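Trainee: Encoded as structure tokens, here's the structure I'll be asking about.
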Amino acid sequence: MDAGPPQPARPDEIACYVAYAPNGIAVGDLVWVAGARWAIEEAFQAAKNECGLDQYEVRRYPGWYRHTTLAMLAHAFLAVLAAQATAKGAAETAPPTPSPSPRQRSGGSCTFCFPAPSPTTAPSRTF
1 MDAGPPQPAR PDEIACYVAY APNGIAVGDL VWVAGARWAI EEAFQAAKNE
51 CGLDQYEVRR YPGWYRHTTL AMLAHAFLAV LAAQATAKGA AETAPPTPSP
101 SPRQRSGGSC TFCFPAPSPT TAPSRTF
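Counting in UniProt numbering, the sequence shown runs from 1 upward without gaps.
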């Protein structure tokens, strides 16, 4: 009795790729191309996090094009600076230690934590 093809341990991690390539290309080359996708995705994620690549609100193509071009240029500039710092042997900086902030984020909203004014004092109007 045939049990069928083996089942993967985690079905949610099944991946397949459709490749358009000439006949006779090596499977290793196809695997390399599929793996190169991750480096590209990491670069786009870094550009989104560090340069605001995904923070555009434009109505027309020229505005989107300008925003995307400047964000990618900024990301390239930061990548060059990081490569130069690595070549010089500059030590990596540790992330800052968390410190209490007057702003606390919770559930996507921002609340300010200031002491409540006493009912006997008038609000200050200095800016």
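For glycine and all other residues, C-beta sits at the position ideal for the given N, C-alpha and C.
Values in this document were obtained by computation on a predicted structure and should not be read as measured data.
For A39, collect the residues of the same chain with a Cβ closer than 8 Å to its Cβ; drop the 5 residues on either side in sequence, then sort them by chain order.
Mentor: There are no such residues.
Trainee: On a Cα-Cα basis, can you pick out the residue from G35, G28 and A83 that is closest to A15?
Mentor: Measuring from the Cα of A15, the nearest candidate turns out to be G35.
Trainee: Return yes when the Cβ of F44 is within less than 9 Å of the Cβ of L53, no when it is not.
Mentor: Against a cut-off of 9 Å, the Cβ pair of F44 and L53 comes out as a contact.
Trainee: Measuring only from the beta carbon, is Y56 closer than 8 Å to any heavy atom that is part of the ligand COA?
Mentor: As far as ligands go, the structure on display features none, and thus does not contain the ligand COA.
Trainee: Please return the same chain residues whose Cβ sits closer than 7 Å to the Cβ of A74, not counting the five positions on each side in sequence.
Mentor: These residues qualify, in order along the chain: C51.
Trainee: Which parts of the region 18 to 88 are runs of the alpha helix (DSSP H), unbroken and 4 residues or longer, counting only runs that do not cross its ends?
Mentor: Those alpha helix (DSSP H) runs which fall completely within the region 18 to 88 and span 4+ residues are 27 to 51 and 61 to 88.
Trainee: Pick from Y17, M72 and A46: whose alpha carbon is nearest that of G33?
Mentor: What sits at residue 33 in the sequence shown is Val, not Gly. With distances taken between Cα atoms, V33 lies closest to Y17.
Trainee: Using the C-alpha atoms, what's the distance from V58 back to A25?
Mentor: Here residue 25 turns out to be Ile, not Ala, going by the sequence shown. Those two C-alpha atoms are separated by around 43 Å.
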